[in-house]
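Visitor:
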Amino acid sequence: MQILAVTVWATCCICCIAGAEIFTSIGQMTDLIFIEREVVQSLKEYIQAEESKLAAVKRWANKLEVLTHASTSDPEGFLAHPVNAYKLMKRLNTEWSELESLVLNDPSHGFISNISVHRQYFPDEEDEKGAAKALMRLQDTYNLDSESFSKGKLPGQGQNSGVRYNAFLTVDDCFDMGKTAYNEQDYYHAVLWMQQALRQMDAGEEAKASKADILDYLSYSVYQMGDLQRATELTRRLVSIDPGHQRAGGNLRYFERLLAKEIREVARNKQDPAKEKPIQLGTYERPRDYLPEREIYEALCRGEGVKMTPKRRSRLFCRYQDGNRNPRLLLKPMKEEDEWDNPHIVRYLEALSNEEIEKIKELAKPRLARATVRDPKTGVLTTAHYRVSKSAWLEGDEDPVIDRVNQRIEDVTGLTVDTAELLQVANYGVGGQYEPHFDFSRRPFDNNLKVDGNRLATYLNYMSDVEAGGATVFPDFGAVIWPRKGTAVFWYNLFRSGEGDYRTRHAACPVLVGSKWVSNKWIHERGQEFRRPCGLTEVD
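All you need for this note's numbering is the position in the sequence shown, starting with 1, plus 596.
1. Excluding sequence positions up to five away, which residues of its chain have a Cβ less than 6 Å from the Cβ of S621?
2. DSSP on E935, reduced to helix/strand/coil?
3. Can you list, in chain order, the residues of its chain whose CB lies under 6 Å from that of Y916, leaving out five sequence neighbours each side?
4. Tell me which residue opens and which closes the beta strand (DSSP E) that L945 is part of.
5. Whole alpha helix (DSSP H) runs in the region 1014-1062 with 4 or more residues, listed along the chain?
6. Verify whether the separation of the beta carbon atoms of L896 and P1071 is less than 9 Å.
7. Can you tell which of L830, H1120, K654, F851 has the C-alpha that lies nearest to the C-alpha of K1046?
8. Could you compute how far the alpha carbon of V835 sits from the alpha carbon of Q842?
9. Among E946, A947, E932, which residue has its Cα nearest to the Cα of H940?
10. State buried or exposed for E861, treating a residue as buried only when at least 16 other CB atoms are found within 10 Å of its CB.
11. My assumption, with CB atoms under 8 Å, is that A786 sits in contact with S817. Please give the rounded CB distance.
12. Taking the straight line between their C-alpha atoms, what separation do you get for W1087 and L959?
13. Three or more C-beta pairs under 8 Å: does that hold for the region 668-678 against the region 728-746?
14. Would you tell me roughly how many angstroms separate the C-alpha atoms of R1000 and Y982, rounded to the nearest one?
15. Where are the alpha helix (DSSP H) runs, 4 residues long or more, that stay fully inside the region 946-972, in chain order?
16. Assign T1009 to buried or exposed, taking buried as 16 or more other Cβ atoms, counted over all protein chains shown, within 10 Å of its Cβ.
17. Take Q1029 as the anchor and find which of A1104, D885, S1093 has the nearest alpha-carbon.
18. Excluding the 5 residues flanking Q598 on each side, which residues of the same chain have their C-beta closer than 7 Å to its C-beta?
19. Between the Cα of P883 and those of F771, Q820, V1109, spot the shortest distance and give me the residue it belongs to.
20. Quick test of your reading: I810 and F764, contact by CB under 8 Å. State the CB separation rounded to the nearest angstrom.
21. Any idea which residues DSSP pairs I1119 with across the strands?
22. Among the candidates P839, G822, L848, whose CA atom is the shortest distance from the CA of L830?
23. Taking its Cβ as the centre, do 16 or more other Cβ atoms sit within 10 Å of K749, making it buried, or is it exposed?
24. For a minimum of 3 consecutive residues, which ranges assigned as the beta strand (DSSP E) are wholly contained in the region 973-1006?
25. Would S704 be called buried (16 or more neighbouring beta carbons within 10 Å of its own) or exposed?
26. Using DSSP with H/G/I as helix, E/B as strand and the rest coil, what is G899?
27. Please state whether the Cβ-Cβ distance between E634 and R966 is less than 9 Å.
28. Going by the CB atoms, is the gap between A947 and A1067 shorter than 9 Å?
29. Go ahead and pull the three-state DSSP assignment for A727.
30. Closest to I956 by CA distance: which of G822, E646, I998 is it?
31. From the DSSP output, which residues share a beta bridge with R715?
32. I need the straight-line Cα distance from R1127 to N779, nearest angstrom please.
33. In its own chain, which residues sit with a C-beta less than 6 Å from the C-beta of L945, not counting the 5 before and 5 after it?
34. Of all the options L912, K649, E952, which has the alpha carbon lying nearest to the alpha carbon of E935?
35. Decide if S709 is buried, meaning its Cβ has at least 16 other Cβ atoms within 10 Å, or exposed.
36. Please report the distance separating the alpha-carbon of L977 from that of E724.
In C-alpha cells form, the structure reads like this:
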C-alpha cells in the first residue's frame, strides 16, 4: 500500500511536467527533486523487503542445518522415533513448499511497477542534451574552464550567496559532455571536455569509460580543430594503449603523413614550430556563429565593457513617482531610480511584495510551457535554441493579485494596460537565457499589430534574486541591469513617432547560479494617444 500511495502522490505531482524540455525551467525541475526522493524511498522499502525475506530464509537454513546434521549422523536411529518420522514427512510435504513460496515471492514487483509509472515523466534524451549544452553555454559566456565546472567552482558561490551545495563532475560525466558536443560536430567543446576527462583519469580517478575511448574522441576532435601535431601525439598514445584499435592505426598513418608535409612547409618558410602547451580554455578559438554582437553581449553578461561613465552617472537620479498625482500613489508613491539616461531606463523599487511574488508563481507554475519566439519570416510562434525558458500567461481576472499588479503598472507608467498583453511569467532553466532581441515587431504588415499596435513599452518585474548571471543587457549602448527581487524596470521600445528604437535590442544573460523568475507586461500603442502623444520627428 505504501508503494501504491507513493505512486499516486508522485503521479499527481508530475502531471504538470510531463514531456520534454524540462531543463528549460528550474521551477519545474524542482518537482523532479521530490519525485526522485519518493523513488528512493520506494527503493529503500524494496531493499527492506528483500532483507526481511533473506533473513527469513536464513532462519530456515540455520534451523534445517542443525536438524539435518543430527539426522544424517544416524538416519535409522533418528527415524526410529515416530515423531521425527512424522515431522520429516510434514517438512518435505508442507514446510519446504512454504519455503519455496517464500523464495519465489519477489518484492521487486512493487518497486518495478512504481518506477515504471515514474519513468514516463522522467527527463528524456533531449533534456539531457539540452542540459549539457547549457553547461557549455555557461562555459562560453562566463569564460569558465572545464576544470572549474568539474570541481564545482562557479562564481557567485560565496558565503553569502545562498548556494549551500556543491557538485562535481566525474570522468564519465565529462566524457558524456564531450560526446554530446562531438555528436553535434561541436569539436571545440568536445576537446575541452574530453581533455578534462583524460586529465581526471590520468590523476587516478576510476571510470566506466576507457582511456582508449577518451583518446579516440579527443584525438579526432583536436584534428578537426586544426591541431595536427597534437592529434598525432594523442593517436600515438592511443595506439600504445590499444594496438588493435579499429581506427587508430589508420588515423595515425594519415596524421603522420600530413604532419610530415606540414613540417616540410614550416622549414621551407623558416617558421618557428609551434610549442606544445596543455589544452585549456583559449588554446583554440571558438568558432564564430550567427550572432554578430556575441562578444559584446557575453562581455556585458560578465559585467565587462559596461559604458557607465562618471558623466553619465551624474545624470542619473532617484525620485518618488506619484504617477502624475495618481490618487493611488499620492500616499505611497513608488520609489524610482534611473538605470540609464538615453534611452531612458528606470527601476521601480518595492514593485512587488513577497506575497504577490509567491502567488504569481503559484498561479503560473502549473501552466509553464516552453517559451516561443515569432519566426521573422513566417510570423509563426516557434521554440528556439536562443530562448531557453518556460512561460505562462495570466489574466487579470484570475486572481486579485494579478489585477492589482496590472493596475500598479498603469498607475506608475501613466499608460493604459487595456490594450497590453497578458502578464507573462517566465522561469529560466539550466543556463536559461534569451539572446539579443527586440521586443517590438519589425514586420510592418504583422497582423498582430492591426488591432492594438506595436509594443510601445516593456515593464519587467524581477521576482527573484540571482546568485550569478541572469542580467538584462543592452549591447548597443553597453548597459547592464542586474536582477533584484521585488523591483521592476521600464523602458520605451518605440519613439514618439511610432518608429522602433533599435537601441533597445536587449538580452537575458544565461543564469549561472540560481533560479530566475520574471514577469513581463508589454504595453501596446493603442489607447496611449493622449497619454504619450506623437512626436514631430522620427526619433523624438
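Every residue gets a Cβ at the ideal spot worked out from N, C-alpha and C, and that includes glycine.
Guide: From the atom records:
1. L964, K986, N1023, G1025
2. strand
3. Residues of the same chain with a CB within less than 6 Å of the CB of Y916, apart from the 5 flanking positions on each side, are P929 in chain order.
4. 941-945 is the span of the beta strand (DSSP E), which, as asked, contains L945.
5. 1045-1048
6. yes
7. Sorting L830, H1120, K654, F851 by C-alpha distance to the C-alpha of K1046 places H1120 at the top.
8. 10 Å
9. The shortest C-alpha separation from H940 is found at E932.
10. That one is exposed.
11. 4 Å
12. 26 Å
13. Taking 8 Å as the limit for Cβ pairs, the verdict is that the region 728-746 does not touch the region 668-678.
14. 33 Å
15. 950-960
16. With at least 16 other beta carbons inside 10 angstroms of its own, T1009 counts as buried.
17. A1104
18. Residue confidence is low: Q598 scores 42 on pLDDT, short of 50, so the model does not pin down where it sits. No coordinate-derived value is stated.
19. Q820
20. The Cβ separation is near 18 Å, so there is no contact.
21. I1119 is bridged by DSSP to A1053.
22. L848
23. Per the 10 Å Cβ criterion, exposed.
24. 983-990
25. exposed
26. DSSP places G899 in the coil class of the three-state scheme, outside both helix and strand.
27. No.
28. Contact: no.
29. In the three-state scheme derived from DSSP, where H, G and I count as helix and E and B as strand, A727 is classed as helix.
30. Taking only the C-alpha atoms, the option nearest I956 is I998.
31. Answer by DSSP bridge pairing: none, since R715 is not bridged.
32. About 55 Å.
33. Counting only Cβ-Cβ distances below 6 Å, and skipping sequence neighbours, we find K931, T1083.
34. L912
35. exposed
36. One C-alpha to the other measures close to 24 Å.
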